[in-house]
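Numbering (the UniProt record's numbering), first residue to last: 1 to 72.
Report on one structure; see the data block that follows.
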């Protein structure tokens, strides 16, 4: 039961990070001057390190759950 709760929490954290990233991406302006690639300026994962941190947190939690559930 605890495993399912931890999996649910990690999924919720990832979904919250994705939703937050989408909201930030909608508010961002696209800067095309200074020879910056427009695809890079519009890519919210590049410009939002919080989303990258949430992905890393989710991966770490998933690895911990895998080890606790299947190895031990």
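Note that the Cβ used here is the ideal one computed from N, Cα and C, for glycine as well.
Taking the Cβ atom as the reference point for each residue, do residue i and residue j lie within a distance shorter than 8 Å?
{"i": "residue 65", "j": "residue 6", "result": "yes"}
{"i": "residue 21", "j": "residue 57", "result": "no"}
{"i": "residue 69", "j": "residue 3", "result": "yes"}
Take residue i and list the residues in its own chain whose beta-carbon comes closer than 7 Å to its own, dropping the five residues that flank it on each side.
{"i": "residue 61", "result": "6, 10"}
{"i": "residue 107", "result": "Past the boundaries of the shown model lies residue 107; the chain is included only from 1 to 72, so the question cannot be answered."}
{"i": "residue 19", "result": "none"}
Between which residues of its own chain and residue i is the CB-CB distance below 6 Å, once the five residues before and five after are set aside?
{"i": "residue 17", "result": "51, 54"}
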